[in-house]
Amino acid sequence: MTAMNREEIESLQRQIVAEIAGASDGSTLEAARVKYLGRKGVVTALMSSLKEAAPAERPELGRLLNALKQAVQDALDTRRKQLDNVSSAASESFDFTLPGEWREIGMAHPIHALIERATEIFRSIGFTVADGPDIETVRNNFDALNTPEDHPSRDPSDTFYLENGDLLRCQTSPVQVRYMEAHPPPVRIIAPGRCYRRDTPDATHSANFHQIEGLYVDRQVSLADLKGDLTYFARQLFGPGVRIRFRPHFFPFTEPSVEVDASCHVCGGQGCRVCKESGWIEIAGAGMVHPNVFRAVGYERHQVVGYAFGMGIERMAMILFGVPDIRLLYENDLRYLRQFASGV
Ligand code: DAH
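According to the numbering used here, the residues represented by the sequence shown are 4 to 347, in order.
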């Protein structure tokens, strides 16, 4: 490259800057960069020809060439920014003719929705929520609940035992024990939670299900309170006309013990498919807390009485939502579960 004079350099600069400003896209611009500033580029070559110039001209020529290089670089940067803005503006433009994409709206699982609703109802009559761990001791799950040594529910064919001798609780009742050991009376709690039993899954059994435990302990508590509170609960949940009945039963931790039925909210007690023609739906096991339970938790000195109950959530969900098979609640098929999006 032969040495150039000032006019030639300035004219070259105008020409290159104009070419770059007219580059129509990114690749044309990149080609121009390589052509002028690349290792073998025109401007690069001019810079290296500087050493061949007469020593007297070098400072002036060097200054001009530096200015040229800088001007080319500036022109490249400016054009690059312009092209980037254009392309991002294009991607931001909105095509109103494209079909829309629905976003999934989350919903509560029916089991969760029912626990929430039940909690709300019991809260409204003064209950607070307690909980306990899924892994329990034999003592809390059985011994302190007055369960005889030979009770079938203790059998490893009914209850899951861990290697260290603990177990997966087969009921929420151990929360009664935990709560009373940690709090003096009066007590008015519910405890919703997960339970485990060695049941073979079928339409009405799952090895993993939920209960809501209830416990009310004070100076004066009777079966009539139990009946009144459960009637209120059932009417809030199922509807205003619902009635409650008690049937005698046996549980180790209550005396007397009852099973609690609500009149069928679908047929009003006439008999239908939902209540299997009986007019009644079982909603809970319950009773007056056994003195041995109070003894186990150190409550005998308080001279209190109490009622307790335990409800099966899945059973109630199946009745309320008309679910024919308990497994449908656990398969997590959204096509099925979505039907209950409106909750309880
Ligand atoms: N734990 C019992 C069960 O799983 C249910 C139950 C019955 C709980 C009576 C209670 C009760 O608190 O008083 O079958």
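Every residue, glycine too, gets a C-beta built ideally from N, C-alpha and C.
First and last residue of the uninterrupted beta strand (DSSP E) at S432: Here the chain has residues from 4 to 347 only, and residue 432 is not among them.
Pair within 8 Å by beta-carbon distance, T122 and P177: no
Which of helix, strand or coil DSSP assigns to Y333: coil
Cβ-heavy atom distance, S209 to the ligand DAH, below 7 Å: Outside the cutoff, so no.
Separation of P58 from M4, as counted between CA atoms: Caution is warranted here: a pLDDT of 45 is assigned to M4, below 50, making its placement in the model unreliable, and the coordinate value is therefore given only provisionally. The straight-line gap from Cα to Cα measures roughly 17 Å.
Spatial distance of Y313 from A320 (CA atoms): Sequence inspection shows Gly at residue 313; the Tyr mentioned does not correspond to that position. Near 15 Å, if we compare the C-alpha coordinates of A320 and G313.
Range covered by the alpha helix (DSSP H) that runs through V20: First-last of the alpha helix (DSSP H) with V20: R9 to A24.
For N211, the residue or residues it bridges with in DSSP: Y199
Burial state of T162 (16 or more Cβ within 10 Å): buried
Selected residue, minimal CA-CA separation from V347, among A265, A289, G290 and A237: When only C-alpha atoms are compared, the closest one is A237.
Cα-Cα separation, F256 to F145: Whole-angstrom Cα-Cα distance: 9 Å.
Boundaries of the beta strand (DSSP E) in which E152 is found, first to last residue: Where E152 is concerned, there is no enclosing beta strand (DSSP E), given that its DSSP letter is neither H nor E.
beta-carbon S176 near the ligand DAH non-hydrogen atom, thresh 7 Å: yes
The ligand DAH heavy atom lying under 7 Å from the CB of T257: Flag set: Cβ of T257 near the ligand DAH.
Cβ of R341 within 8 Å of any chain E Cβ: The structure shown contains no chain E, having only a single protein chain.
Beta-carbon contacts of T203 that lie in its chain and below 7 Å, excluding the five residues immediately before and after: Result list for T203: empty, nothing under 7 Å.
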